[in-house]
Amino acid sequence: MTHKNQITSKIPVGILGSTGSVGQKFIELLAEHPWFEITALAASERSAGKSYRDAAHWFMSSPIPEKIADLPVSDCTPNLPCRIVFSGLDASVAGKIETEFAKAGYIVVSNSKNHRFDSDVPLLIPEVNPDHLALIRTQQYGKGAIITNPNCATTGLVLALKPLNDLFGLEALNVVTMQAISGAGYPGVASLDIIDNMIPVIRNEEEKVESEPLKILGRLNENHFEPANFKISAACNRIAVTDGHTECVSVKFRKKPSAQEIIGAWDRFSAEPQYLNLPSAPKQPIHYFSEDDAPQPKLHRMLGNGMTVSVGRLRECPILDYKFVVLSHNTIRGAAGGAILNAELLVSKFPGIG
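Pasting the structure below:
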């Protein structure tokens, strides 16, 4: 039986960094959200005081929602008419601003990297570690809190690994990513650099992919984390795809399963967001493709409205145990959509917090 949450009136929310690429994706996904209503937009001082249509260089495929276009843009100070704020701020300014909002009593749901490894901040994927939300009770922000989601490449990888780690135990993995240009934000990578090319480095990305899964898949022991105990080697590349991060993964298990057992684990996987029927949760978090030529970004990135992780090409690895391909939508599941799902889980587990 599916548990259905009852939200009697929409919860007002704000967006920090609302004119940037992640901020725009937040607006696109929240414009018709059944639980949340955008009541505040904030950005840099040069945008403050303007209407949103005048402040933002809008580059989403859908037009600016009419009810958003005329909203005024504020600067990023904690005097917004809401309790929950989504942060799409650039890392160069996010840490200080998010802390100020949390200290002022706001719930900050952040897509930025700055607080991901704070010892009392959950690094959250709702299907993977919903219990880590309990950490907000230990934060030193009074009525405020900070919740983060992982790096966009980490998210799809960890979702695909979660049922395998639970059942068979991970010992080591190697991952090579081919990451979409939208992951670099706007204006992103210069066209002369990326057209007819592949860039074999994304600054600081490999460190994130090698460290974040260990926190997410680790255990919360009272008020501290015990990180997962396996080794990760990552190589991260930028390719000329608009949306969708593709990752080639090789894994070694503590208890080697059969290929059928792995596929069954993916096919059966469901978690708390599905049980709670959260608005952004895909019915099927992981979809396995049996076809040899799947998944592909162009064809499969929008599965589950961009929230489903696609997996394919499972076969034995001559060095480790198995290898496979993972695809996830980096700006939806890996960024704004993932943060919104985090907020839905928060509201569901802490009624009245908005």
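Just so you know, we're using numbering that gives the first Met the number 0 here: the sequence shown kicks off at 0 and counts up by one.
We put the CB at the ideal spot given by N, CA and C, even for glycine.
Source: prediction; values computed, not measured.
Where does the unbroken alpha helix (DSSP H) through Leu158 begin, and where does it stop? Counting from one through the sequence shown, the residue named residue 158 turns up at place 159. Residues Cys151 to Phe167.
Less than 7 Å separating the beta-carbons of Pro11 and Cys81? As a working note, residue 11 is residue 12 in the sequence shown. As a working note, residue 81 is residue 82 in the sequence shown. Taking 7 Å as the Cβ cut-off, Pro11 and Cys81 qualify as a contacting pair.
From which residue to which residue does the alpha helix (DSSP H) around Gly22 run? Against the sequence shown, residue 22 aligns to sequence position 23. Run containing Gly22: Ser20 to Leu29, per the alpha helix (DSSP H) assignment.
Counting along the chain, where does the beta strand (DSSP E) carrying Arg52 start and finish? Translated into positions along the sequence shown, residue 52 becomes position 53. Segment Tyr51 to Ala54 is the alpha helix (DSSP H) holding Arg52; no beta strand (DSSP E) there.
Residues in the same chain with beta-carbon distance under 7 Å from His2, minus the five sequence neighbours each way, listed in chain order, please. Here the question's residue 2 lines up with position 3 in the sequence shown. The predicted position of His2 is uncertain, since its pLDDT is 45 and thus under 50; a value taken from the coordinates is nonetheless stated next. Cβ within range, chain order: Tyr274, Leu275 and Asn276.
Are the CB atoms of Glu170 and Lys251 nearer to each other than 7 Å? Indexing the sequence shown from 1 puts residue 170 at position 171. Indexing the sequence shown from 1 puts residue 251 at position 252. Yes, the pair counts as a contact, with Cβ atoms nearer than the cut-off.
Per the DSSP calculation, Asp74 is bridged to which residue(s)? Along the sequence shown, read from residue 1 onward, the residue named residue 74 stands at position 75. For Asp74, which the question treats as bridged, DSSP gives the partners Ala42.
According to DSSP, is Leu134 helix, strand or coil? Here residue 134 is taken as the residue at index 135 of the sequence shown, counted from 1. It is helical.
For Arg312, the nearest candidate out of Ala335, Gly353, Glu246 and Glu271 (CA to CA): Here residue 312 refers to the residue found at position 313 of the sequence shown. Nearest option by C-alpha distance: Glu246.
Compare the C-alpha of Asn304 against each of Leu213, Phe167, Glu290 and Ala335 and name the closest. If you number the sequence shown from 1, residue 304 lands on position 305. Of the listed residues, the one whose Cα sits closest to Asn304 is Ala335.
Is Pro62 helix, strand or coil by DSSP? As a position in the sequence shown, residue 62 is number 63, starting the count at 1. Note: Pro62 maps to coil in three-state DSSP.
Just to confirm, is the Cβ distance from Leu158 to Val308 under 7 Å? Within the sequence shown, residue 158 is the residue found at index 159, counting from 1. Within the sequence shown, residue 308 is the residue found at index 309, counting from 1. Contact flag set, yes.
Out of curiosity, what's the CA-to-CA distance linking Gly351 and Leu345? Sequence index remark: in the sequence shown, residue 351 carries index 352 (1-based). Sequence index remark: in the sequence shown, residue 345 carries index 346 (1-based). About 10 Å.
In the DSSP output, which residue or residues are listed as bridge partners for Leu219? On the sequence shown, residue 219 is found 220 positions in, with the first residue counted as 1. The partner list for Leu219 (beta bridge, DSSP) reads Phe224.
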